[in-house]
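Trainee:
There are 2 protein chains.
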Amino acid sequence: MPISRLSILGVGLMGGSVALAARKHLNSCRVVGYGHHTDTLDQAVRIGAIHEATTDLAAAVKDADLVILAAPVGQLTQLLTSIFGHVKQGCVITDVGSTKRSIVAAAEQSLPSALRGRFVGSHPMAGSEHAGIAHARADLLEGALCILTPTPQTEPQSLDLVDRFWRAIQMHTIRISPEAHDRAVALASHLPHLLSVALLASQTDLSLDVAGRGLIDMTRLAAGEATVWRDIFLDNADNLRDALGLLRQKLDSLEAMLDPARAEELKDYLNSLATARHRMLDQRNLEP
Amino acid sequence: MPISRLSILGVGLMGGSVALAARKHLNSCRVVGYGHHTDTLDQAVRIGAIHEATTDLAAAVKDADLVILAAPVGQLTQLLTSIFGHVKQGCVITDVGSTKRSIVAAAEQSLPSALRGRFVGSHPMAGSEHAGIAHARADLLEGALCILTPTPQTEPQSLDLVDRFWRAIQMHTIRISPEAHDRAVALASHLPHLLSVALLASQTDLSLDVAGRGLIDMTRLAAGEATVWRDIFLDNADNLRDALGLLRQKLDSLEAMLDPARAEELKDYLNSLATARHRMLDQRNLEP
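Protein sequence lines, in the order shown, are assigned to chains A and B.
The first sequence begins at 45 in the numbering used here and counts up one residue at a time.
The second sequence begins at 45 in the numbering used here and counts up one residue at a time.
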């Protein structure tokens, strides 16, 4: 089934970028944007991200073949349940949230029977420390990974439609469970963010004065939007605590190696991680 | 006093970049490079980093007005003491090491009376995860900060000469004690490096598969050369342990805020750090 009408609920950085990519790659698809702020919606129309804008949620989703929830993690469940009475039969719903267990569980508990199995959790692994439609761009998503988190309840055709959508806008897709997703992103995304914040918080006036590129890059994530990350951290707190526990073990091991008697071991350990970093870039075909 | 002859001991990434910058900005200065490997030295001559190359340490430093030790931290003291018998009267010596207490103390304990006060510790705050002359470039240093670490024993004219040298190649300079330097870089440089390593070591196969730009950037430092960083970590182990202690406190505070009842506090905390990051870039006139 082709997607002839796409509804994007929330046109900030991510919703706006999805919209731009859809306009670029899905020629015959009409893109509708919904939001609270008319100036944001106007800007989304002006930059060609959406064909039409509305602040009326029912109107936004009415004829949509695919609805994409692009609100912050803390507002997803509420947004999902408010569209049930307004979508057409056969509509498929997905989201772009950074955590997946809570929204997928909410969908499975609350979807009306006509929509059963038609919610598919998605997480495009792309972002920026800059928020808002002004920073949206199609190539934020192109070439990046989108994680789909189906469950046994997910309808195969809906999963297929959502998968085809992300691939149509040039993303790679993989499918894992919501639980495996939340554990993996706790390590790959939420822990790095927390570390970036803690590292910046540890600095002194003098250390900030002398800082070079290393600290600047390592604290980039700390510039992220506070409410967005607060919601993500709280929603994935259990996995984030586990990830922190693992990191603390690695820090303890490294600290124990700060001993001239263990110099060789420390060198080998650093070497093995440098090799792991090279392999990580190789697998992505990135320049070292 | 002008520097008409500059001797750079070690022509890797840092020595090579200093040489290229000196050639670019100090027209009448003859640059001599010393190293163990003739292929590295040949390459340094070929790319125009040095006028002449030698594997003979005595010949390398004989007529130099300024000698720059550009060897790894673990070899600096040994290199320093091996040139004493060969430098001319009036020669000034500096280095580019990432730690300053040990080399400055070694200089003050071992400099012969003719050279007393003529060693000035320097730390150009620039680098790369790539090592070797192939990655050397003048603009690695241009616009970056060079920290000078004089002590009461440092001769003012020597300090002035070294300061003028770094400014001549377009670096900014500041002067702090070796002790303050080592504490500050433990926070601004060595701790970020250790974190980058520990963060990468905490990943699983799946988390690496799903990782986006955040983890890629946060693990860049882990690609650094193992022996170089092993030596830095061991030489500054006490300060690095203190920095780690501070970081652990920040991580504990953040973990305690992973609680819906403290959502507002967590948001405010994240917000304050995002603001701190913006201020950090503003002070450097960098784009956010």
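The beta-carbon is built from N, C-alpha and C at its ideal position, and this holds for glycine as well.
Owing to the predicted nature of the structure, the values given are computational and were not obtained by experimental measurement.
Beta-carbon separation of HIS167(A) and CYS135(A) under 8 Å?
Mentor: In this structure, CYS135(A) does not lie closer than 8 Å to HIS167(A) by Cβ.
Trainee: Label GLY31(A) either buried or exposed according to how many other C-beta atoms from any shown protein chain fall within 10 Å of its C-beta, with 16 as the threshold for buried.
Mentor: Nothing about residue 31(A) can be reported from this structure: the residues present for chain A run from 45 to 332 only.
Trainee: Can you tell which of LYS106(B), ALA300(B), LEU57(B) and ARG49(B) has its C-alpha closest to the C-alpha of HIS174(B)?
Mentor: If we check each option's Cα against that of HIS174(B), LEU57(B) comes out closest.
Trainee: Let me see if you follow: with CB-CB separation under 8 Å, is ASP139(A) close to chain B or not?
Mentor: Chain B, which has no Cβ nearer than 8 Å to the Cβ of ASP139(A), makes this no.
Trainee: Please classify GLY79(B): does DSSP put it in a helix, a strand, or coil?
Mentor: The answer is coil: DSSP assigns GLY79(B) none of H, G, I, E or B.
Trainee: Please name the residue, chosen from VAL241(B), VAL272(B) and ILE177(B), that lies closest to HIS322(A) on a Cα-to-Cα basis.
Mentor: The shortest C-alpha separation from HIS322(A) is found at VAL241(B).
Trainee: Could you give the residue range of the beta strand (DSSP E) that holds ASP139(A)?
Mentor: Note, ASP139(A): beta strand (DSSP E), 136–139.
Trainee: Helix, strand or coil, according to DSSP, for ALA93(A) in the structure here?
Mentor: Of the three classes helix, strand and coil, the one that applies to ALA93(A) here is coil, per DSSP.
Trainee: Taking a contact to mean a Cβ-Cβ separation below 8 Å, would you say ILE52(A) touches ILE112(A) in this structure?
Mentor: A contact, by the Cβ cut-off of 8 Å.
Trainee: Measure from the alpha carbon of LEU291(B) to the alpha carbon of each residue in PRO236(B), ALA318(B) and GLY256(B), then state which is nearest.
Mentor: Ranking PRO236(B), ALA318(B) and GLY256(B) by Cα distance to LEU291(B) puts PRO236(B) first.
Trainee: Kindly indicate which three-state DSSP category LEU185(B) falls into: helix, strand or coil?
Mentor: Here LEU185(B) sits in coil by DSSP.
Trainee: With a cut-off of 8 Å on the beta carbons, I'd call ALA180(B) and LEU64(B) a contact; round off their distance for me.
Mentor: The pair is a contact, with the Cβ atoms about 6 Å apart (cut-off 8 Å).
Trainee: Counting C-beta neighbours from all protein chains within 10 Å, is the total for ALA102(B) 16 or more, i.e. buried, or is it exposed?
Mentor: Exposed, because fewer than 16 other Cβ atoms sit within 10 Å of the Cβ of ALA102(B).
Trainee: Going by Cα to Cα distance, which pick from LEU310(A), SER157(A) and HIS225(A) is closest to PHE278(B)?
Mentor: In the sequence as displayed, the identity of residue 278(B) is Leu instead of Phe. If we check each option's Cα against that of LEU278(B), LEU310(A) comes out closest.
Trainee: Give the C-beta separation of GLY187(B) and ALA114(B) to the nearest angstrom, bearing in mind that I take them to be a contact with Cβ-Cβ under 8 Å.
Mentor: With 8 Å as the limit, GLY187(B) and ALA114(B) do not qualify as a contact, their Cβ atoms being about 20 Å apart.
Trainee: Do the CB positions of GLY79(A) and LEU85(A) come within less than 8 Å of each other?
Mentor: Yes, the Cβ-Cβ distance between GLY79(A) and LEU85(A) is below 8 Å.
Trainee: Please check if any C-beta of chain B sits within less than 8 Å of the C-beta of TRP273(A).
Mentor: Closer than 8 Å: yes.
Trainee: Does the beta carbon of ALA191(A) come closer than 8 Å to any beta carbon on chain B?
Mentor: One point to set straight first is that residue 191(A) is Ile, not Ala, in the sequence displayed. Cβ-Cβ to chain B under 8 Å: yes for ILE191(A).
Trainee: Answer yes or no: do LEU250(B) and ALA224(A) have a C-beta to C-beta separation smaller than 8 Å?
Mentor: Yes.
Trainee: Take LEU325(A) as the anchor and find which of ASP296(B), ARG257(B) and ASP303(B) has the nearest alpha-carbon.
Mentor: That would be ARG257(B), whose Cα lies nearest to the Cα of LEU325(A).
Trainee: In three-state terms, what does DSSP make of HIS130(A)?
Mentor: Correct three-state label for HIS130(A): coil.
Trainee: Grouping DSSP H, G and I as helix and E and B as strand, with all else coil, what is LEU50(B)?
Mentor: If DSSP states are grouped into helix, strand and coil, LEU50(B) belongs with the strands.
Trainee: Using a Cβ cut-off of 7 Å, pull out every chain B residue sitting near HIS322(A), in sequence order please.
Mentor: Simply ALA267.
Trainee: Quick check on the DSSP output: what are the complete alpha helix (DSSP H) runs of length 4 or more inside the stretch 233–310 of chain B, in order along the chain?
Mentor: Correct list: 235–245, 249–254, 257–262, 270–279 and 281–300.
Trainee: Does the pairing of the stretch 191–200 of chain B with the stretch 152–164 of chain B give three or more beta-carbon distances under 8 Å?
Mentor: The answer is yes - the stretch 152–164 of chain B touches the stretch 191–200 of chain B, with three or more Cβ pairs under 8 Å.
Trainee: How about VAL254(A) and VAL148(B): do their beta carbons lie closer than 8 Å?
Mentor: No, Cβ-Cβ distance for VAL254(A) and VAL148(B) is not below 8 Å.
Trainee: Can you pull the chain A residues whose beta carbon is under 7 Å from the beta carbon of LYS132(B), in chain order?
Mentor: The premise fails here: LYS132(B) is roughly 33 Å from chain A at the closest Cβ pair, so nothing lies under 7 Å.
Trainee: Using the C-alpha atoms, what's the distance from GLU308(B) back to VAL62(A)?
Mentor: Spanning the two alpha carbons is a distance of roughly 30 Å.
Trainee: What do you get for ALA305(B), buried or exposed, if any count of 16 or more other CB atoms within 10 angstroms of its CB means buried?
Mentor: With fewer than 16 other Cβ atoms within 10 Å, it is exposed.
Trainee: Could you please tell me which residues of the stretch 237–249 of chain A, in chain order, have their CB closer than 9 Å to any CB of chain B?
Mentor: Here the close residues are HIS237, LEU238, LEU239, SER240, VAL241, ALA242, LEU243, LEU244, ALA245, SER246, GLN247 and THR248.
Trainee: Tell me, please, whether the CB atom of PHE277(A) is closer than 8 Å to any CB atom in chain B?
Mentor: Taking Cβ atoms only, chain B reaches closer than 8 Å to PHE277(A), which makes this a yes.
Trainee: Mind checking ARG285(B): buried by the 16 CB within 10 Å criterion, or exposed?
Mentor: Label assigned to ARG285(B): exposed.
Trainee: Below 7 Å, is the gap between the Cβ of LEU298(A) and the nearest heavy atom of the ligand GDP?
Mentor: Summarising the ligand content, the structure contains no ligands, and the ligand GDP is consequently not present.
Trainee: Compute the distance between the beta-carbons of THR248(B) and LEU231(A), then report whether it is under 8 Å.
Mentor: Their beta carbons are under 8 Å apart, which means THR248(B) touches LEU231(A) by this criterion.
Trainee: Using 8 Å as the threshold, is the C-beta distance between ALA300(A) and ALA266(B) below it?
Mentor: No; because the gap between Cβ atoms is not below 8 Å, this pair is not in contact.
Trainee: If you measure between the beta carbons of MET262(A) and LEU238(A), is that distance less than 8 Å?
Mentor: Not closer than 8 Å, so no.
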